[in-house]
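Residue 16 in full-length UniProt numbering sits at position 16 of the sequence shown, and the numbers go up by one each step. Just so you know, even glycine gets a beta-carbon here, dropped at the ideal spot from N, CA and C. Keep in mind it's a predicted model, so treat the numbers as computed, not measured. Working notes, structure below.
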Amino acid sequence: MNRDGNTTSFWQSTTNPGNPQNTKENSSKHFDTIIVGAGITGITLAKELQNRGQKCLILEKENIGFGTTGGTTAHINNFFDSSYDEVISDFGESRAKTLASAAKETIKYIKSNIIKYHISCEYNECSSFLFSAEEKQNNQLEKIFDAHEKVGIETVKVHSIPFSLPFENAIEIKGQAQFHPLRYINKLIKEFEKEGGIILTETQVTGFENKDGKVKVSTKDDLNFSSDNIVWATHIPPGNNRFSVLLAPYRSYALTAKLENPVAQMAQAADLYDPYHYVRYHKSNDDYYIIVGGFDHMTGDEEDTEKHFTDLVAYADEHFKYKNIEAKWSSQYYVPADGLAYIGQMPGENNIYISTGYNGNGMTFGSMASLIIPDLMEGKTTPLSDLLSPGRIKPMASARNVLSEVFNATTHFVKDKFSAEKIKDLDTLIVGEGKVIKHDGETIAAYRDLKSKLHLLSPVCPHTGCNVVWNPSEITWDCPCHGSRFSIDGGLLNGPALSDLKKIDQE
Ligand code: FES
Numbered sequence: 001m002n003r004d005g006n007t008t009s010f011w012q013s014t015t016n017p018g019n020p021q022n023t024k025e026n027s028s029k030h031f032d033t034i035i036v037g038a039g040i041t042g043i044t045l046a047k048e049l050q051n052r053g054q055k056c057l058i059l060e061k062e063n064i065g066f067g068t069t070g071g072t073t074a075h076i077n078n079f080f081d082s083s084y085d086e087v088i089s090d091f092g093e094s095r096a097k098t099l100a101s102a103a104k105e106t107i108k109y110i111k112s113n114i115i116k117y118h119i120s121c122e123y124n125e126c127s128s129f130l131f132s133a134e135e136k137q138n139n140q141l142e143k144i145f146d147a148h149e150k151v152g153i154e155t156v157k158v159h160s161i162p163f164s165l166p167f168e169n170a171i172e173i174k175g176q177a178q179f180h181p182l183r184y185i186n187k188l189i190k191e192f193e194k195e196g197g198i199i200l201t202e203t204q205v206t207g208f209e210n211k212d213g214k215v216k217v218s219t220k221d222d223l224n225f226s227s228d229n230i231v232w233a234t235h236i237p238p239g240n241n242r243f244s245v246l247l248a249p250y251r252s253y254a255l256t257a258k259l260e261n262p263v264a265q266m267a268q269a270a271d272l273y274d275p276y277h278y279v280r281y282h283k284s285n286d287d288y289y290i291i292v293g294g295f296d297h298m299t300g301d302e303e304d305t306e307k308h309f310t311d312l313v314a315y316a317d318e319h320f321k322y323k324n325i326e327a328k329w330s331s332q333y334y335v336p337a338d339g340l341a342y343i344g345q346m347p348g349e350n351n352i353y354i355s356t357g358y359n360g361n362g363m364t365f366g367s368m369a370s371l372i373i374p375d376l377m378e379g380k381t382t383p384l385s386d387l388l389s390p391g392r393i394k395p396m397a398s399a400r401n402v403l404s405e406v407f408n409a410t411t412h413f414v415k416d417k418f419s420a421e422k423i424k425d426l427d428t429l430i431v432g433e434g435k436v437i438k439h440d441g442e443t444i445a446a447y448r449d450l451k452s453k454l455h456l457l458s459p460v461c462p463h464t465g466c467n468v469v470w471n472p473s474e475i476t477w478d479c480p481c482h483g484s485r486f487s488i489d490g491g492l493l494n495g496p497a498l499s500d501l502k503k504i505d506q507e
């Protein structure tokens, strides 16, 4: 497995995993900055900090791009899931302009990396088309259009879109981009290592201490490091902190299909449903593809995850002519309480940094972290770092969402404790089935694999004790409370948990 699930993303299937040098025996134990997580956030940031003279270590529990960067659809946008009219309403016009300007800078920054390091990653610049699919969505589209004018995002009204999707009204948002995310980060890592940077993959951080301005980190295989700063590029930072309630984990579904004919114009599009459908073209060598995504749900909230793939394929069948589906996969993202990412210093901890809560805009926000965190480490704050500060307080904007997400986590905490199905005999579990069951008075997360072997685990998530839920598409145990995910043998795939699910002795 080189991604956090059973499905294989298009990016995984079209590139080899990055192959770092893994110098575990390296004698140097102290670094300026330790970055945990080798996705787009961690890798881009490590390279940026290195360019500014820092000695950095990246620690990655699995392999490069194992998490969401391997499962993104790799849109690079200067607009976000929280639309600018919402940002203006919640944060004010001036701050919305700050965000818009930073988003444009971020696209330029990604492009400058591609040029500087000669990265061949199928990058192209294009427009994105946003459309109302029903009359009742026209007003929402109009508000978005007006807000784009206010904050300076180049947008025009159009009468046609380069996708065979029915629509009422549409706008074209210029200046967007897209790429192959794993090719991008794999090359950045090579450049990082070439300049003396160290990345250790398959190295799980199991403990850390922040004392007297120094961070001490220990790993599962008993390595110990220290640093002046640490950056958690792992979505929800570990431990039981405010980000467990300020972020809600979601899953999105995507497929890539090879098109019968070349397309005249590379482009992206999305409708205004909730959850919205999103599409984009991709060109690799001489082949053209359509990438289709959507049908999102909160992690652990759906038993029949396969239905989401069925619906996705039905949507693609209805609207596009393609030769064959090359890849289908799902991926996790985190919705922030007030709609904007949290990038900067961990509240109350001067030398701990986080970057998370990207919603469906991980490529942009993940790269934007490199425009914020290095400056903060050098003592510089900016209007952007203030806006995205993890310590910000936005009571009105936050309250409505936070309460519903906390309610969802609490509901799961209570409901899932009592929902285990009582069974007399484990033999009733059929091949390929996973269930939380009660057996002999014990609650068990049980899975019978394709060779009929049983895998029995405690369902209690080591983060804060919710029960995990079976995900039949990814063959994983997913925690509905804060999104930790585990393999069939209990191995940790996604935090914020720091340890595995406990195995149950089959005897
Ligand atoms: Fe928090 Fe499982 S992720 S309880």
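Residue i vs residue j beta-carbon contact at 9 Å
| i | j | result |
| --- | --- | --- |
| Gly196 | Lys47 | no |
| Ala177 | His159 | no |
| Tyr334 | Ile230 | no |
| residue 544 | His235 | Residue numbering for the chain in the displayed model covers 1 to 507; residue 544 lies beyond these limits and cannot be assessed. |
| Pro347 | Leu49 | no |
| Asn77 | Ser128 | yes |
| Lys328 | Tyr253 | yes |
| Ile117 | Ser370 | At residue 117 the sequence reads Tyr, which differs from the Ile that was named. No, they are not a contact pair. |
| Thr305 | Arg251 | yes |
| Gly366 | Thr33 | no |
| Ile153 | Ala38 | no |
| Thr7 | Ser330 | yes |
| Ile290 | Pro181 | no |
| Ile119 | Arg52 | no |
Cα-Cα separation, residue i to residue j
| i | j | result |
| --- | --- | --- |
| Leu165 | His277 | 11 Å |
| Lys214 | Lys111 | 35 Å |
| Gln268 | Ser355 | 26 Å |
| Asp338 | Pro480 | 20 Å |
| Glu378 | Lys97 | 24 Å |
| Leu454 | Ile423 | 15 Å |
| Asp221 | Val205 | 9 Å |
| Ser227 | Glu142 | 49 Å |
| Val36 | Gln140 | 39 Å |
| Thr201 | Asn350 | 27 Å |
| Ser385 | Ser82 | 18 Å |
| Ile58 | Ile43 | 8 Å |
| Ala100 | Thr299 | 29 Å |
| Ile393 | Leu246 | 11 Å |
| Gly357 | Asp425 | 43 Å |
| Glu135 | Phe167 | 9 Å |
| Thr15 | Lys307 | 28 Å |
| Asp505 | Ser458 | 10 Å |
| Tyr84 | Gln137 | 16 Å |
| Ile173 | Asp301 | 33 Å |
Own chain, CB closer than 7 Å to residue i, minus 5 neighbours either side, in chain order
| i | result |
| --- | --- |
| residue 543 | Given that the chain is displayed from residue 1 to residue 507, the structure contains no residue 543 and the question cannot be resolved. |
| Leu388 | Leu340, Ala341, Tyr342, Ile343, Gly344 and Ile372 |
| Phe225 | Lys29, Phe31, Ile34, Leu57 and Val217 |
For residue i, the nearest candidate out of the options (CA to CA)
| i | options | result |
| --- | --- | --- |
| Asn494 | Trp477, Lys194 and Ile504 | Trp477 |
| Ile325 | Leu312, Gln332 and Pro336 | Leu312 |
| Val468 | Ile437, Arg448, Lys451 and Ser452 | Ile437 |
| Lys435 | Tyr447, Leu45, Leu426 and Thr428 | Tyr447 |
| Asp449 | His439, Glu442 and Ile475 | Ile475 |
| Cys126 | Gln332, Val263 and Thr443 | Val263 |
| Gly432 | Asn471, Thr443 and Cys121 | Asn471 |
8 Å CB neighbourhood of residue i in its chain, flanking five on each side removed
| i | result |
| --- | --- |
| Phe145 | Thr155, Lys157 and Ile171 |
Contacts around residue i, its chain only, beta-carbon distance under 6 Å, and the 5 residues preceding and following it disregarded
| i | result |
| --- | --- |
| Lys321 | Glu260 |
#### Entry: Sufficient close CB pairs (3 or more, under 8 Å) joining the stretch 255-264 to the stretch 489-498
Cβ pair count under 8 Å is below three, so no.
### Query
Counting Cβ pairs closer than 8 Å, one from the stretch 58-68 and one from the stretch 88-98, do we hit at least three?
At 8 Å Cβ cutoff, the stretches do not touch.
#### Entry: Given 8 Å, three or more beta-carbon pairs between the stretch 237-248 and the stretch 492-506
In short, these stretches touch, since the Cβ pair count reaches three.
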